[in-house]
Amino acid sequence: MTTLMETEDEVMLRDAARGFVAESAPVAKLRENRKAGRAFDPGLWREMAQMGWSGVLVPEVCGGAEMGHRAACILAEEMGRTLAASPFLSTAVVAASTLRAVATDRAGTALGQIAAGDVIYALALDEGRKYAPESTAMQAERAGNGFRLTGVKPLVADGSAADRVLVLARTAGAPGDAVGLTLFDIDAARAGLTRDRLDTIDSRDHARLIFDAVEATGDDVLGEVDNGLAVLRAGVQAGQAAMAAELLGVAGGAYGMTVGYLKERRQFDRTIGSFQALQHRAAHLWAEIEVTASAIANAGRVLDKTPQDAQLAVSLAKARAAQTVDLAVREGVQMHGGIGMTDDYDIGFYMKRARVGAEWLGDYGYHAALVAAARGF
Amino acid sequence: MADTDATLDAFRAEISQWIETACPASLRGRAMGEDMIVWGGRQWQFAEPAQKEWLDAAIERGMTAPRWPTEYGGAGLSRAQEKIYREEMARLQAPPPLESFGLWMLGPALLAFGDDAQKARHLPPITRGEIRWCQGYSEPGAGSDLANVQTRAEDMGDHYLVNGQKIWTSYADKADWIFALVRTDREAPKHKGISFLLMDMESAGITTRPIRLISGKSPFCETFFDNVKVPKENLVGERNRGWDIAKYLLTHEREMIGGGARGLLGGRSLGQFLGGLDGAMDDPVTRAEAMACEVNSLAFAMTMERYKDQAEAGQGVGNASAMLKYYGTELNKRRYELLMNAAGSEALEWDGPHGGLAPEWLRTKANSIEGGTSEVMLDILAKRVLELPNS
């Protein structure tokens, strides 16, 4: 019977992941990274690879752990809880799922490198303010047997650390057309590609990628030419679900920190957690997190079982997660009072990561509209 | 025998075949109005013969109480089987053969707390729809503070003598028996002197009076007890320990009320209802609210299932069930606000183009009050789940 309850294996994985990030990637680590001017610690990513996390979606035949999407979501959630920074979503989730769907020999080799932690991927998709892949304008002009890519991807997650970039460019049609887009897998060091590291609010790795007649061969094309959105579907859905899970973890982390504070902080000669006004808001937040947790678990289950029919489940998860994490971080800062506004306190980090994550691969409005469409209105 | 995918697939095939055969086609695919509900009881009149046919078939197979043991008239299904049964009932758009407070509340309480004689006497008539039960909990002075029960049962040696008043007793005017909380010890702290008592509504001294709500006619009644003699064997569980049973049933009731948020206007989906209102979804505010309600309803329904699975697996959710009551009822109120807005002037008559939409909308306002208010639910969560300090 399909159940949203966690299996024994899943509980073990969660416990192990929670223990690892608490030890090796607590929120203090994010502060340390920020101070050191780096977006993540390569040593931490190597350890995650050794534990099989980078290969969580890589088939065993390619050297991966092949644990599935529910497992990937559990890992993402636990990383979200402490804001553990790594290229997990771009590489282990989006790139791995995309390459797996492409299923060529070359993709198999790349999957092996992902599992081994030897390669970091970034997904260069959006060009505008909002997630809208069909609006892609970047040109991939045909040149001889290959293509020349020209255009700008203004905000690419893990864009400066990436060794390789999955980039979507237009080979036919006009911006707004869902067809005529092609997905390329290219070396980030290729001539003509400039990467400017961006200073984003979440202190994570983001870069502006400028393509100036970057050469790509036919071998660099993933899947069919002009059919890039379909080629990306599996990767994007996996990424949306995993980001939703990360945001659930961010919400849970902010909630835990806030309720902890309510139990400690004294004002008017009593613990502020004894005030009913705050109790009811905290209890409401807990309820929202519980309900969202079901949608996250469901998305993982559906991606594992019937991936061809996962959009409703995935969009439901991302829509709920975006709303819930927004509530969690707003309540978190407010209930911490003045101290919540200071950079010395960690709660602000949660608010910043939540804002970035809510945008990535579609915000609440984008996904709620997909849910509505799938439900017949 | 443990369920496997294979046995469950076989069960699904078998049960859907049974529903198709046993449930007359004339009952299927119809809007689930009050007129379609079969409550049973001594005075029950079927609205149409097909309902009796369906009920008889269900009784025969124990399917009025799918999870109850077969010895008491149930079908002894596992949780997984029951889930499949519900899915197949929904898919085939078959109405429940029988609904009652006996099935939802008293039965589970007797199975958990009753003695063998009580189970043997009271459970089979419930599954056969012969006895209709009502619940006597609230009193004029005991609403959210339910344990403040004042209706008293005095020990007269060979019987109890009951005096007092209950309020919000749904369908008391139509029920055959009542299960009630009564005070058996006036000296003890308020939670400790309560007992759980069963009474035949035909007993001398019991009278009822219906209550009219803002939504119009309602099943709610006031029930008065004036020197009612009750046999001692009708006390369930231990004397003065009735609060344990009350708490157990409140959990049930809260899940049930919370779960009510899943159904809508005779089983139609939000999309179906709004799609039928020409142009309603062109309004951006309606559209945004409809999307929010749908997103939340889907995630909430998944949470109901997850909690039931956890309870079944022995990972009791306990006080967390207060969340289902809180979330489900608030969501239901929000959905009916949306429907009223979308239907606009077509929703302003008591019985207009959308039937009883207006009274249903008004009735949802009670959802977050009955069975414990939303505020009480949040108190429970804050204190018992979040473990925030007392004020």
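So the sequence lines, in the order shown, correspond to chains A and B. Counting in our numbering, the first sequence runs from 555 upward without gaps. Counting in our numbering, the second sequence runs from 805 upward without gaps. Ideal Cβ placement from N, Cα and C applies to all residues, glycine included. The model shown is predicted, which means the values in this text are computed figures rather than measured ones.
| Query | Result |
| --- | --- |
| Nearest candidate by alpha-carbon position, reference residue 777 of chain B, set B/1109, B/937, B/875, B/1186 | As shown, chain B starts at 805 and ends at 1195. That puts residue 777 of chain B outside it, with no answer to give. |
| Partners in chain B for residue 838 of chain A, counting only beta-carbon separations shorter than 7 angstroms | 1182 |
| Residues of the region 1101 to 1130 of chain B with Cβ closer than 8 angstroms to any Cβ of chain A, in chain order | 1102, 1103, 1104, 1106, 1107, 1109, 1110, 1113, 1114, 1117, 1119, 1124, 1127, 1130 |
| For residue 1066 of chain B, three-class secondary structure by DSSP | Low confidence applies to residue 1066 of chain B: its pLDDT is 49, below 50, so where it sits in the model is not reliable, and the reading given next is rough at best. Helix, per DSSP. |
| Neighbour-count burial assignment, residue 778 of chain A, 16 or more Cβ in a 10 Å radius | exposed |
| Min CB distance residue 1199 of chain B to chain A below 7 angstroms | The structure shown does not extend to residue 1199 of chain B, since chain B is modelled only from 805 to 1195, so the question has no answer here. |
| Interface flag, residue 965 of chain B vs chain A, CB-CB below 7 angstroms | no |
| Contacts that residue 1195 of chain B makes with chain A (C-beta to C-beta distance below 8 angstroms) | 824, 828, 829, 830 |
| Local Cβ density within 10 Å of residue 1018 of chain B, reported as buried at 16 or more and exposed below that | exposed |
| Contacts around residue 981 of chain B, its chain only, beta-carbon distance under 7 angstroms, and the 5 residues preceding and following it disregarded | 935, 937, 1002, 1003, 1004, 1005 |
| Opposing strand residues paired with residue 720 of chain A [DSSP bridges] | A/677, A/739 |
| Members of the region 897 to 923 of chain B that neighbour chain E once the beta carbon cut-off is set at 9 angstroms | Looking for chain E here will not work: the only protein chains present are A and B. |
| Partners in chain A for residue 1185 of chain B, counting only beta-carbon separations shorter than 9 angstroms | 833, 834, 836, 837, 838, 840, 841 |
| Beta-carbon neighbours of residue 855 of chain B, restricted to chain A and to distances below 7 angstroms | Those within 7 angstroms of residue 855 of chain B in chain A number zero; the least Cβ separation is about 31 angstroms. |
| For residue 938 of chain B: DSSP bridge partner residues | B/982 |
| Classification of residue 902 of chain B by the beta-carbon crowding that lies within 10 angstroms, buried from 16 upward | buried |
| Other residues of its chain near residue 787 of chain A: CB distance less than 8 angstroms, five sequence neighbours each side excluded | 655 |
| Residue 929 of chain B, DSSP secondary structure in three states | helix |
| Whole-angstrom distance between residue 776 of chain A and residue 601 of chain A, CA atom to CA atom | 29 angstroms |
| C-alpha distance - residue 574 of chain A paired with residue 583 of chain A, whole-angstrom precision | 13 angstroms |
| Chain A contact for residue 1060 of chain B (CB, 7 angstroms cutoff) | no |
| Contacting residues, own chain, Cβ-Cβ under 7 angstroms from residue 734 of chain A (five flanking each side not counted) | 724, 725, 726, 727, 780 |
| Burial state of residue 899 of chain B (16 or more Cβ within 10 Å) | buried |
| The region 595 to 611 of chain A: positions lying closer than 7 angstroms to chain B by Cβ | none |
| C-alpha distance - residue 912 of chain A paired with residue 880 of chain A, whole-angstrom precision | 8 angstroms |
| Ranges of the alpha helix (DSSP H) found wholly within the region 1149 to 1182 of chain B, counting only runs of at least 4 | 1161 to 1168 |
| For residue 1038 of chain B, the nearest candidate out of B/1094, B/1030, B/917 (CA to CA) | B/917 |
| Contacts around residue 943 of chain B, its chain only, beta-carbon distance under 8 angstroms, and the 5 residues preceding and following it disregarded | 952, 953, 954, 955, 968, 969, 970, 971 |
| Rounded straight-line distance, which links the Cα of residue 842 of chain A to that of residue 1107 of chain B | 11 angstroms |
| 7 angstroms Cβ cutoff met for residue 678 of chain A and residue 710 of chain A | yes |
| Burial state of residue 705 of chain A, where buried means 16 or more other Cβ atoms lie within 10 Å | buried |
| Short CB-CB distance (under 7 angstroms) between residue 893 of chain B and chain A | no |
| First through last residue of the beta strand (DSSP E) which encompasses residue 899 of chain A | Counting along the chain, residue 899 of chain A falls outside any beta strand (DSSP E), and DSSP gives it neither H nor E. |
| Same chain, Cβ closer than 6 angstroms to residue 1157 of chain B, five either side skipped, listed in chain order | 1150 |
| Beta-carbon proximity check, residue 646 of chain A vs residue 653 of chain A, cutoff 7 angstroms | no |
| Proximal residues of chain A, C-beta to C-beta of residue 1073 of chain B below 8 angstroms | 929, 930 |
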